[in-house]
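Comments concern the structure below.
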Amino acid sequence: MDDDKLAAIVDAIVQELKASGAVKPSGSASAGPASAAANIPSSSAVPVKPRTATSTANLSIDLPDPVLDEHRYKARVKNPKDSNGLRALIDSTTARIGVGRAGPRYTTASLLLFQGDHAVTQDALYRDVDQKLLDEFNLFTVQTKITGGKQEYLLRPDLGRLLSDDAKRVINEKCQKNVNVQLCVGDGLSAAAIEANLRQIFPVIKQGVQTAGLTLGTPFFIKYARVGVMNDIGELLKPDVVILLIGERPGLGRAESMSAYMGYKPKYGDTDADRDVVCNIFENGGTNPLEGGAFVVQIAQKMRKNQASGVKLKMIK
12 MDDDKLAAIV DAIVQELKAS GAVKPSGSAS AGPASAAANI PSSSAVPVKP RTATSTANLS
72 IDLPDPVLDE HRYKARVKNP KDSNGLRALI DSTTARIGVG RAGPRYTTAS LLLFQGDHAV
132 TQDALYRDVD QKLLDEFNLF TVQTKITGGK QEYLLRPDLG RLLSDDAKRV INEKCQKNVN
192 VQLCVGDGLS AAAIEANLRQ IFPVIKQGVQ TAGLTLGTPF FIKYARVGVM NDIGELLKPD
252 VVILLIGERP GLGRAESMSA YMGYKPKYGD TDADRDVVCN IFENGGTNPL EGGAFVVQIA
312 QKMRKNQASG VKLKMIK
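Read in order, the letters of the sequence shown are residues 12 to 328 in this note's numbering.
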């Protein structure tokens with residue numbers, strides 16, 4: 012916002028206060044020491060342009076969208092010693108650098124961007140995956156032991172690692188056991204990640220598994236899922252490999268990042284050390300979902316060949 016616009020806003024507020032009687036003009040006979048201290052100086056004492064309007068009803072503040080790249084990655088350090096070097100640093104990362112400061116605080120532009128990005132993360136965390144998307148891939152839905160909605164899901168990750176009794180019953184009824192690959196989809200911490208990537212990665216994995224001559228179990232969707240739910244799936248269906256597509260924890264302004272966690276014959280007691288992962292799956296900056304799907308199939312074949320996953324697989328030469 013330029014100085015003229017700011018001056019116009021200040022002047023309009025002053026005029027509105029005077030017109031409403033909330034502020035008496037300086038020099039008023041009734042103005043004592045206390046009231047004089049509360050008076051706002053006349054426009055002659057403030058470096059603003061005079062306005063005749065006494066109402067802010069028609070006043071509008073039009074700020075640029077802070078999430079656009081031209082504003083998000085704008086160098087905001089005043090009088091940098093090396094402007095070209097600063098620009099090169101900003102272009103080399105998506106981290107928030109070169110944002111400048113207003114005294115010990117963030118600038119208004121940085122604050123607005125932070126608030127906008129925070130709203131994106133909240134939306135990703137608290138909304139559900141679009142049912143139309145799940146229907147598109149014929150994914151039936153089961154749920155973990157979370158019964159108190161997203162608040163409980165965020166507070167009790169242990170319950171998100173366990174399938175409910177009803178979920179176990181449905182899976183046993185609808186899914187084939189002892190397949191080579193069991194593919195599952197979980198909402199995780201970002202519904203937006205599933206919606207952004209499933210249409211691209213799902214067909215690649217399905218076709219890749221079939222092309223490799225492997226059997227693919229009946230895919231399904233797990234609501235309120237954590238990565239550890241793979242252990243329950245492994246115990247129930249006894250597949251060679253479990254693949255779980257799940258939304259990653261959203262960062263500020265980044266909600267579409269998805270991961271594919273994989274484990275060889277997962278069972279109770281398995282930890283992250285027993286799993287492999289293809290992470291940061293998203294278009295325009297991450298692992299492209301089409302390439303990610305191909306990587307997942309390659310890793311599944313390697314797991315079956317070596318009968319291992321996680322650290323054990325990495326130790327095999």
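Every residue gets a Cβ at the ideal spot worked out from N, C-alpha and C, and that includes glycine.
Report the three-state DSSP secondary structure of R87 (helix, strand or coil). coil
Note to self: Please classify E147 as buried or exposed, where buried requires at least 16 other C-beta atoms within 10 Å of its C-beta.
What the structure shows: So E147 counts as exposed.
| said: Can you look up K188 in the DSSP assignment and give me helix, strand or coil? | reply: Note: K188 maps to coil in three-state DSSP.
Taking contact to mean 3 or more Cβ pairs, one atom from each stretch, closer than 8 Å, check whether the segment 272 to 286 and the segment 245 to 253 are in contact. yes
Alpha helix (DSSP H) runs wholly inside the segment 173 to 218, at least 4 long, in chain order
176 to 185
task = In angstroms with no decimal places, state the Cα-to-Cα distance between D102 and A113.
result = D102 and A113: Cα-Cα distance of roughly 23 Å.
**Prompt:** Helix or strand or just coil, what does DSSP make of N291?
**Reply:** Reduced to three states, the DSSP call for N291 is strand.
Nearest candidate by alpha-carbon position, reference R237, set D169, G219, V181 and P261
D169
Quick check: what's the CA-CA separation for I20 versus P115? 25 Å
(message) Which residue marks the beginning of the alpha helix (DSSP H) containing V131, and which one marks its end?
(response) According to the DSSP assignment, V131 belongs to the alpha helix (DSSP H) that extends over T119 to Y137.
- prompt: What's the C-alpha gap between Y84 and A223?
  reply: 44 Å
Inset, instruction - Within the same chain, show all residues whose beta-carbon is closer than 8 Å to that of E259, passing over the 5 residues directly before and after it, in chain order. - result: G199, L200, S201, A204, S268, M269, S270, C290 and N291
- Under a Cβ-count criterion, where at least 16 other Cβ atoms within 10 Å of its own Cβ denotes burial, should D139 be classed as buried or exposed? exposed
P261 to G303 span [Cα, whole Å] = 19 Å
According to DSSP, V252 sits in a beta bridge with which residue or residues?
V192 and Y275
By Cβ distance below 6 Å, which residues in the same chain neighbour C186 in space, the five residues on each side in sequence not counted? G228, T229 and L248
CB of L100 within 8 Å of CB of P91, strictly: no
Which of helix, strand or coil does DSSP assign to F232? Residue state, collapsed to three classes: strand.
Boundaries of the alpha helix (DSSP H) in which Q154 is found, first to last residue:
Unbroken run through Q154 is the beta strand (DSSP E), F151 to Q154; no alpha helix (DSSP H).
query: In its own chain, which residues sit with a C-beta less than 7 Å from the C-beta of G111, not counting the 5 before and 5 after it?
result: R87, V88, K89 and T118
Practice problem: Would you tell me roughly how many angstroms separate the C-alpha atoms of E184 and A178, rounded to the nearest one? | Solution: Those two C-alpha atoms are separated by around 10 Å.
R286 in three-state terms, based on DSSP: strand
Worksheet item: Are the beta-carbon atoms of K234 and T152 separated by less than 8 Å?
Response: yes
query = Exposed or buried, what is Q309 when buried is set at 16 or more other beta-carbons lying within 10 Å of its beta-carbon?
reply = Exposed: under 16 other Cβ atoms inside 10 Å.
For V57, name the three-state secondary structure that DSSP assigns.
Its pLDDT being 48, under 50, V57 is placed unreliably in this model, and the value from its coordinates should be taken loosely. V57 sits in coil when the DSSP states are folded into three classes, being neither helix nor strand.
Assuming L123 and Q211 form a contact by the criterion Cβ under 8 Å, report the distance between their Cβ atoms to the nearest whole angstrom. Their Cβ separation, rounded to whole angstroms, is 32 Å, which puts L123 and Q211 out of contact at 8 Å.
Exercise. Given that a residue counts as buried once 16 or more other Cβ atoms are within 10 Å of its Cβ, and exposed if not, what is T298?
Worked result: buried
For T298, which three-state DSSP category applies? strand
> What does a CB cutoff of less than 8 Å around H82 pick up in its chain, not counting 5 residues either side in sequence?
Replying inline: Shown here for H82: same chain residues with a beta carbon closer than 8 Å to its own, the five before and five after excluded, namely P75, D76, A120 and L124 in chain order.
The ligand SAM heavy atom lying under 7 Å from the CB of L209: No copy of the ligand SAM appears in this structure; indeed no ligand is present at all.
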